[in-house]
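>
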Amino acid sequence: MIAGLVHYQRNRCLRSFNMGQINWFDRDFSFQQKENIMPSVIERLEGTPIRLRQKLEKFKVSKLTFQPHGKWSILEHLGHLSDLEPLWQARLNDILQGADFLRPADLTNTQTTQANHNGRTTDYLLSKFESLRLTTLQRLNDLSEADIFRFALHPRLKTPMRTLDLFIFVAEHDDHHLAKITALGRLHQV
Numbered sequence: 008m009i010a011g012l013v014h015y016q017r018n019r020c021l022r023s024f025n026m027g028q029i030n031w032f033d034r035d036f037s038f039q040q041k042e043n044i045m046p047s048v049i050e051r052l053e054g055t056p057i058r059l060r061q062k063l064e065k066f067k068v069s070k071l072t073f074q075p076h077g078k079w080s081i082l083e084h085l086g087h088l089s090d091l092e093p094l095w096q097a098r099l100n101d102i103l104q105g106a107d108f109l110r111p112a113d114l115t116n117t118q119t120t121q122a123n124h125n126g127r128t129t130d131y132l133l134s135k136f137e138s139l140r141l142t143t144l145q146r147l148n149d150l151s152e153a154d155i156f157r158f159a160l161h162p163r164l165k166t167p168m169r170t171l172d173l174f175i176f177v178a179e180h181d182d183h184h185l186a187k188i189t190a191l192g193r194l195h196q197v
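Rendered as structure tokens:
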């Protein structure tokens with residue numbers, strides 16, 4: 008009876024993981040925000056490291072490298088956030104320097120795939136992300152109102168992306184990976 012319940016719960020969690028959210032590159036984004044909500048966006052970005060730390064405290068170290076169906080582990084999702092933070096900083100530079108296009112991302116995520124994040128400790132990966140994010144936040148806090156509404160074209164989406172839009176996009180990206188980490192964590196509760 009207990010073995011049957013465990014099997015059922017594990018299968019339910021796997022289905023839940025598999026039917027999860029849309030793939031990041033399949034999402035559509037509509038940047039129509041007219042008001043300056045940058046303080047709220049900054050608040051969201053500041054909260055990501057705190058949410059990650061709280062979330063990761065719940066997991067046993069042995070579960071952080073689990074890769075269901077060959078997909079990224081919890082540590083790989085965490086490392087990926089650090090891998091992309093320099094891109095967000097560079098794209099902010101692109102906008103502020105008047106570039107026509109934002110620099111492209113590596114759509115194959117080669118850096119994350121080759122980084123061996125599973126060989127790192129949670130503390131190392133969290134500290135690295137927190138340090139990189141702090142640099143981003145310091146730059147955002149120094150922006151003028153005019154800077155917030157400057158833009159460049161996003162290379163994949165082919166749409167103008169203002170500084171405000173870029174960091175709404177970043178906050179959505181953070182939440183996307185936090186949700187993936189949550190889903191992976193639920194697989195380990197059975």
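When you number the sequence shown by the numbering used here, it's gap-free, plus one each residue, and the end is 197.
Using N, Cα and C, we set each Cβ at its ideal position, and we do this for glycine too.
Since this is a predicted model, take the numbers as computed values, not measurements.
Buried or exposed: which applies to residue 48, given that a residue is buried once 16 or more other Cβ atoms fall within 10 Å of its Cβ?
It counts as buried.
> I'd like the list of long-range same chain contacts for residue 180, defined as Cβ closer than 6 angstroms, with 5 residues on each side in sequence excluded.
Correct list: empty, nothing qualifies.
> Short check: CB of residue 170 to CB of residue 188, under 7 angstroms?
Not a contact, by the Cβ cut-off of 7 angstroms.
> So the beta strand (DSSP E) residue 158 belongs to, where does it begin and stop?
Unbroken beta strand (DSSP E) run through residue 158: 158-160.
> For residue 190, count neighbouring Cβ atoms within 10 angstroms of its own Cβ and tell me buried if that reaches 16, exposed if not.
Buried, since its Cβ has 16 or more Cβ neighbours within 10 Å.
> Pick helix, strand or coil for residue 111, following the three-state DSSP scheme.
If DSSP states are grouped into helix, strand and coil, residue 111 belongs with coil.
> Looking only at its own chain, which residues have a Cβ that is under 6 angstroms from the Cβ of residue 87, when we skip the five neighbours before and after it?
These residues qualify, in order along the chain: 119.
> Hey, residue 144 and residue 50 are a contact pair by Cβ (cut 8 angstroms); roughly how many whole angstroms apart?
Wrong, their Cβ atoms sit about 10 angstroms apart, outside the cutoff.
> I need the DSSP call for residue 193, collapsed to helix, strand or coil.
Helix, per DSSP.
> If you follow the beta strand (DSSP E) that residue 75 is part of, which residue opens it and which one closes it?
First-last for residue 75: undefined, no H or E at that position.
> Per DSSP, residue 93 forms a beta bridge with which residues?
Per DSSP, none; premise fails for residue 93.
> Please state whether DSSP places residue 146 in a helix, a strand or coil.
Helix, per DSSP.
> In chain order, what residues of the same chain have a beta carbon less than 7 angstroms from the beta carbon of residue 98, not counting five sequence neighbours either side?
So the qualifying residues of the chain are 109, 110 and 173.
> Within 10 Å of its beta-carbon, does residue 186 have 16 or more other beta-carbons around it, so buried, or fewer, so exposed?
Exposed is the call here.
> Taking only the alpha-carbon atoms, compute the straight-line gap between residue 178 and residue 64 and give it to the nearest angstrom.
Taking the straight line from one Cα to the other gives about 22 angstroms.
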